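Here's the structure, in structure tokens; my notes come after.
Numbering (the working numbering), first residue to last: 9 to 151.
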């Protein structure tokens, strides 16, 4: 769920871009954003992806099940696009038409440059965690 909607109830057309980024990341990693918790150090799949990006090791995100049967450049491109789509600021996310051009290789994929303090604010983190917990509770009660 896009942060601007989860935190303030503000829905923009860029919320769909954010959601696309989640799906793109889930496809490359073969993991669910909501269910993936590799360790206590990570909150979700996106958190792991951001740490991998900062370490300069995006290939660790590619699902092992793909073996060597994938194009490394396309996988890296998909991950970088997914991370661009996850920008906390809707104004800094690409449009979906730009995302398509990047996927097709017709326009450059810019590097994600993000101020880590955007994610470090305790209030925002707690709001997102509460949203996740309420979603998890609703999902469990529906079963």
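Every residue, glycine too, gets a C-beta built ideally from N, C-alpha and C. Just so we're clear, the structure is a prediction, and the values are computed from it rather than from any experiment.
{"Asked": "Residue 101 and residue 22 closer than 8 Å at C-beta", "Found": "yes"}
{"Asked": "Under 8 Å between C-beta atoms of residue 116 and residue 87", "Found": "no"}
{"Asked": "Extent of the continuous alpha helix (DSSP H) to which residue 93 belongs", "Found": "80-93"}
{"Asked": "CB contact flag (residue 94, residue 29, <8 Å)", "Found": "yes"}
{"Asked": "C-alpha gap between residue 90 and residue 48, whole angstroms", "Found": "23 Å"}
{"Asked": "Residue 83 vs residue 36 beta-carbon contact at 8 Å", "Found": "yes"}
{"Asked": "Residue 67, buried or exposed, once every other Cβ within 10 Å from all chains shown has been counted against 16", "Found": "exposed"}
{"Asked": "Limits of the alpha helix (DSSP H) - the one that residue 36 falls within", "Found": "22-37"}
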